[in-house]
Amino acid sequence: MRRILCTVILVCAAVALAAEPKEAKKSAPVAKPTATADVLKDRFREYTEALTTRDLAALDKIWAEGYTFTNGRGEFLTKKDRMENIKSGATQFDSISREDEEIHVFGNTAVVTGRVVLKVVYSGKESSGSYRFINVWVKMQGRWQLVANQITLIEQ
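The sequence shown runs 27 to 182 under this note's numbering.
Take a look at the structure:
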């Protein structure tokens, strides 16, 4: 009798545990990763266009308050610093070519990594070349904004 009772309890527990994840999956809507990736690719395209055209209004919307940038020389710049550099002409992007992008979405945060070839002057210094990059985007108030990015020069 004891064996039967133990077997019944174990079977009931196993059934309850097996059923729980299925219900959790049904109740939690899952975003389509490709749709989010496509939106982020569009935002990144808008970002590169805003940099090359020196569109300060667009950059102000793309860069979140508190945005930070670490350039290829290891210099740390704030949103204000970058806006001033672009406005003054100290930073000028002639061309930006993105390659090997990978997008990883974690809820309202996305990490984009890849390679970028820049023809650029940063803070008045020639800095053209190939770089690895990491961008951190956060979806705030219904739109994706860049909160931090860093580039690292790839030695040729």
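Where a beta carbon is used, it is the ideal one built from N, C-alpha and C, also for glycine.
Please read these numbers as outputs of a predicted model, since none were measured by experiment.
Query: Leaving out the 5 sequence neighbours to the left and right, which residues in its chain are closer than 8 Å to Gln-182 when beta-carbon positions are compared?; Result: Gly-155 and Ser-156
Query: Tell me which residue opens and which closes the beta strand (DSSP E) that Asn-175 is part of.; Result: 169-179
Query: Considering only DSSP beta bridges, list what Val-138 is partnered with.; Result: Ile-129 and Asn-161
Query: For the alpha helix (DSSP H) that Glu-91 lies in, which residues bound it at each end?; Result: Element bounds for Glu-91: not the alpha helix (DSSP H) but the beta strand (DSSP E), 89-96.
Query: If you run the structure through DSSP and keep just helix, strand and coil, what is Ser-153?; Result: coil
Query: Would you mind reading off the limits of the alpha helix (DSSP H) that contains Arg-99?; Result: Per DSSP, Arg-99 belongs to no alpha helix (DSSP H) and is neither H nor E.
Query: Can you tell me whether Arg-69 is helix, strand or coil according to DSSP?; Result: helix
Query: Among residues of its own chain, excluding the 5 on either side of Ala-63, which ones have a beta-carbon nearer than 8 Å to its beta-carbon?; Result: Ile-129 and Val-131
Query: Quick test of the definition: if touching needs 3 or more C-beta pairs under 8 Å, does the segment 63-75 touch the segment 101-114?; Result: no
Query: Identify every residue that forms a DSSP beta bridge with Ile-122.; Result: Leu-144
Query: Beta-carbon separation of Gly-140 and Asp-126 under 7 Å?; Result: yes
Query: Under the DSSP definition of a beta bridge, which residues are partnered with Met-166?; Result: Arg-169
Query: Say whether the segment 144-154 touches the segment 163-171, bearing in mind that this needs 3 or more beta-carbon pairs closer than 8 Å, one atom from each stretch.; Result: no
Query: Which of the three DSSP states is assigned to Arg-108 in this structure?; Result: helix
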